[in-house]
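Chains P and L, in that order, give the protein sequences. Note that the working numbering has the first sequence beginning at 1, numbered continuously upward. Note that the working numbering has the second sequence beginning at 1, numbered continuously upward. Glycine included, C-beta positions come from ideal geometry on N, C-alpha and C. Below: the structure, in structure tokens.
Protein chains: 2
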Amino acid sequence: MAPRSAGKTAESSDKVGVICRALRRAIIEQALEPGAKLPEDSLGERFGVSRTIARHALGQLAAEGLVELRRNRIAVVATPSWQEARDAFDIRIELERLVVRQLAGKLTKAQIATLNAHVDAEDGARDGTDAVSIRLATEFHILLAQMTNSPILVRYVSEVAYRCCLTLSLYSRPHSSECAINEHRAIIAALVKGDEAKVMSLMHSHLDSVANRALVAPAPQRGRDLLDILAPYADEGESERVVKMPKVVRAR
Amino acid sequence: MAPRSAGKTAESSDKVGVICRALRRAIIEQALEPGAKLPEDSLGERFGVSRTIARHALGQLAAEGLVELRRNRIAVVATPSWQEARDAFDIRIELERLVVRQLAGKLTKAQIATLNAHVDAEDGARDGTDAVSIRLATEFHILLAQMTNSPILVRYVSEVAYRCCLTLSLYSRPHSSECAINEHRAIIAALVKGDEAKVMSLMHSHLDSVANRALVAPAPQRGRDLLDILAPYADEGESERVVKMPKVVRAR
DNA sequence: GGCCGCCAAACTGCATGCAATTCAGGCGCT
DNA sequence: AGCGCCTGAATTGCATGCAGTTTGGCGGCC
Numbered sequence: 001m002a003p004r005s006a007g008k009t010a011e012s013s014d015k016v017g018v019i020c021r022a023l024r025r026a027i028i029e030q031a032l033e034p035g036a037k038l039p040e041d042s043l044g045e046r047f048g049v050s051r052t053i054a055r056h057a058l059g060q061l062a063a064e065g066l067v068e069l070r071r072n073r074i075a076v077v078a079t080p081s082w083q084e085a086r087d088a089f090d091i092r093i094e095l096e097r098l099v100v101r102q103l104a105g106k107l108t109k110a111q112i113a114t115l116n117a118h119v120d121a122e123d124g125a126r127d128g129t130d131a132v133s134i135r136l137a138t139e140f141h142i143l144l145a146q147m148t149n150s151p152i153l154v155r156y157v158s159e160v161a162y163r164c165c166l167t168l169s170l171y172s173r174p175h176s177s178e179c180a181i182n183e184h185r186a187i188i189a190a191l192v193k194g195d196e197a198k199v200m201s202l203m204h205s206h207l208d209s210v211a212n213r214a215l216v217a218p219a220p221q222r223g224r225d226l227l228d229i230l231a232p233y234a235d236e237g238e239s240e241r242v243v244k245m246p247k248v249v250r251a252r
Numbered sequence: 001m002a003p004r005s006a007g008k009t010a011e012s013s014d015k016v017g018v019i020c021r022a023l024r025r026a027i028i029e030q031a032l033e034p035g036a037k038l039p040e041d042s043l044g045e046r047f048g049v050s051r052t053i054a055r056h057a058l059g060q061l062a063a064e065g066l067v068e069l070r071r072n073r074i075a076v077v078a079t080p081s082w083q084e085a086r087d088a089f090d091i092r093i094e095l096e097r098l099v100v101r102q103l104a105g106k107l108t109k110a111q112i113a114t115l116n117a118h119v120d121a122e123d124g125a126r127d128g129t130d131a132v133s134i135r136l137a138t139e140f141h142i143l144l145a146q147m148t149n150s151p152i153l154v155r156y157v158s159e160v161a162y163r164c165c166l167t168l169s170l171y172s173r174p175h176s177s178e179c180a181i182n183e184h185r186a187i188i189a190a191l192v193k194g195d196e197a198k199v200m201s202l203m204h205s206h207l208d209s210v211a212n213r214a215l216v217a218p219a220p221q222r223g224r225d226l227l228d229i230l231a232p233y234a235d236e237g238e239s240e241r242v243v244k245m246p247k248v249v250r251a252r
């Protein structure tokens with residue numbers, strides 16, 4: 001299903017890759033909510049492999065930030081803080097501006113057709129579940145990244161997009177991303193036209209609006225479990241932190 | 001040694017983390033050249049652990065792009081193509097612009113002192129080996145990223161910086177990064193002054209010049225092994241590629 | 001001499017087993 | 001009832017073992 005070409009760097013061993021892809025998809029479709037437990041045995045049993053493999057897959061997912069691994073503890077789906085969500089979107093904006101900058105005016109007819117087809121699919125799934133729309137919207141961005149033919153860019157955009165999906169399950173109201181389809185169409189149009197500045201600003205505002213629509217509440221008590229709430233108080237044990245910024249209010 | 005605080009997402013299990021850190025360092029100091037073989041047994045024996053752990057560590061490193069894992073084959077240190085190197089630098093520029101944008105005018109005295117101390121260390125190591133200078137220069141950038149207090153940004157900047165180090169061993173002449181120290185000092189000064197635009201442009205030109213100094217030759221035959229050279233010719237078997245851009249000349 | 005095929009050694013892919021740690025809930029005490 | 005301790009079940013951390021694949025080199029054949 002995933003159009004990744006053969007010969008990837010990691011998770012090539014397949015069994016591991018299968019589990020990773022399945023879990024990634026389950027996570028971004030919110031079948032697995034943040035905080036959901038992922039015991040190695042259960043995963044292994046479910047996918048017909050041993051714990052060793054399940055463990056390896058969890059390691060990969062943890063490296064991508066989708067899963068949290070604590071020593072001797074059951075792995076859980078990551079629960080990014082609100083600030084981390086904001087940071088992820090900031091990074092995503094820069095990366096995707098880079099994508100469209102490289103792509104502006106350089107799309108082939110086939111690529112344009114692929115993109116249009118995908119947006120049509122998004123349109124068609126509009127009355128489906130929210131989860132599917134979110135997945136399709138995300139895949140649109142990954143599709144763009146793939147067209148740059150830069151494996152590194154693909155990897156980073158994918159990762160950060162998945163992360164953003166994850167935060168959507170935490171901090172957004174339902175149906176927050178419904179009207180993004182028109183923005184996707186506009187981006188395609190600008191890409192075809194080749195207006196580099198225009199398409200970069202379009203992408204910027206597109207992602208910015210998604211972020212702002214999603215990350216509305218600074219979540220006063222909405223922090224899922226009280227561990228998060230207590231975190232800023234229990235600042236002991238942070239022994240070797242570099243210095244600790246004093247309540248930095250992030251620019252922009 | 002590495003001042004990463006406790007409770008990281010991945011590689012927390014320590015034994016794995018130790019191996020990862022050791023290998024990362026060996027790679028960026030060019031003790032391990034691109035293409036060097038990394039058999040699981042040898043690693044396990046060297047670090048006093050079983051193959052299982054060594055394997056897991058290799059998996060993490062592969063996820064970071066420092067190691068290449070091919071099924072049933074010995075893992076090797078990654079050998080990025082020239083284009084990938086260029087892409088990595090492009091991404092790095094955007095990410096680090098983001099770093100300094102967030103940091104401009106917001107550094108504490110302690111942080112400024114830390115940075116100055118680090119640059120002094122770079123200066124002091126000027127007559128040491130090239131490998132050490134490169135490592136210190138890289139660590140300066142990671143230090144900056146850490147001061148944003150954004151774990152995601154730290155992770156991405158670190159990864160991409162390591163990757164760039166890796167390409168330096170492949171495509172650069174010796175002593176290519178020696179005079180970067182002054183640029184580091186200039187960046188600190190601009191950060192302290194709080195001139196956001198200035199520091200972003202400084203960082204941009206700094207990284208751009210490092211990249212240009214490093215990635216001089218489009219490497220006609222310098223591609224290490226002929227697999228790379230032959231890659232563009234043997235375009236069979238690329239069955240399910242998205243579309244294949246026709247010799248795209250990257251913008252900027 | 002050069003080339004091909006075969007075989008043993010090396011290595012990876014994966015499952016399983018054992019020790020150590022965490023987790024849950026039940027029991028007793030206040 | 002509320003609180004804490006204690007114990008068994010659940011779960012992870014890791015090593016080892018076996019099977020399948022690749023590698024490299026040796027001998028035979030042209």
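- Sequence-ordered contacts of the region 87-108 of chain L with chain P read D87, A88, D90, I91, E94, L95, R97, L98, R101, Q102, A104, K106, T108 [C-beta pairs closer than 8 Å].
- Assigned with DSSP and collapsed to three states, V49(L) falls in coil, not helix or strand.
- Non-local C-beta neighbours of F47(L) in its own chain, meaning closer than 6 Å and more than five positions away in sequence, comprise I19, ordered along the chain.
- The way I'd put it, the region 182-202 of chain P doesn't touch the region 75-91 of chain P; fewer than three beta-carbon pairs between them come closer than 8 Å.
- Residues of the same chain with a CB within less than 8 Å of the CB of E68(L), apart from the 5 flanking positions on each side, are A62, A75, V76, V77, A78, T79 in chain order.
- With contact defined as three or more Cβ pairs closer than 8 Å, the region 22-42 of chain L and the region 149-165 of chain L are in contact.
- Exclusion of the five residues before and after R25(L) leaves no residue of its chain whose Cβ lies closer than 6 Å to its Cβ.
- Runs of the beta strand (DSSP E) lying entirely within the region 113-142 of chain L and spanning at least 3 residues: none are present.
- In this structure R55(L) is in contact with E40(L), their Cβ atoms being roughly 5 Å apart against a cut-off of 8 Å.
- Under the Cβ criterion (8 Å, minimum of three pairs), the region 199-206 of chain P does not count as touching the region 149-159 of chain P.
- Residues of chain P with a Cβ closer than 9 Å to the Cβ of E84(L) are, in chain order, S150, P151, I152.
- Per DSSP, the continuous beta strand (DSSP E) segment holding A75(L) begins and ends at 75-77.
- Residue pairing by DSSP places V157(P) in no beta bridge whatsoever.
- In the three-state reduction of the DSSP assignment, E33(L) falls in the coil class.
- Annotated three-state conformation of L58(L) is helix, per DSSP.
- Under a criterion of Cβ atoms nearer than 8 Å, the residues of chain L adjacent to T52(P) are, in order, T52.
- Any Cβ of chain L closer than 7 Å to the Cβ of H118(P) would place that residue at the interface, and such an atom is absent.
- At the C-beta level, M200(P) and R101(P) come within 7 Å of one another.
- Beta-bridge analysis with DSSP links L38(P) to A75(P).
- Taking a beta-carbon distance threshold of 7 Å, A121(P) does not count as an interface residue toward chain L.
- Counting C-beta pairs with one atom in each stretch, the region 111-122 of chain P and the region 105-115 of chain L have fewer than three that are closer than 8 Å, which means they do not touch.
- The criterion of a C-beta distance shorter than 7 Å is not satisfied by S169(L) and A214(L).
- Per DSSP, the continuous alpha helix (DSSP H) segment holding K193(L) begins and ends at 180-193.
- Neighbours of H56(P) in chain L, taken as residues at a C-beta separation under 9 Å, are given in chain order as R55, H56, G59.
- Nearest neighbour of A104(L) by Cα position, chosen from G194(L), R135(L), R126(L), turns out to be G194(L).
- Put simply, of D14(P), A36(P), E84(P) the residue whose alpha carbon is nearest the alpha carbon of R71(L) is D14(P).
- Residue burial is scored here from C-beta neighbours: A88(P) has at least 16 other C-beta atoms within 10 angstroms and is therefore classed as buried.
- Residue environment: D90(P) is assigned as buried (16 or more neighbouring CB atoms within 10 Å of its CB, all protein chains considered).
- Here A211(L) has F89 as same chain residues with Cβ atoms under 6 Å from its own Cβ, once five neighbours each way along the sequence are excluded.
- Residue pairing by DSSP leaves E94(L) without any beta bridge partner.
- By alpha-carbon distance to G65(P), the top candidate from E96(P), G35(P), I142(P) is G35(P).
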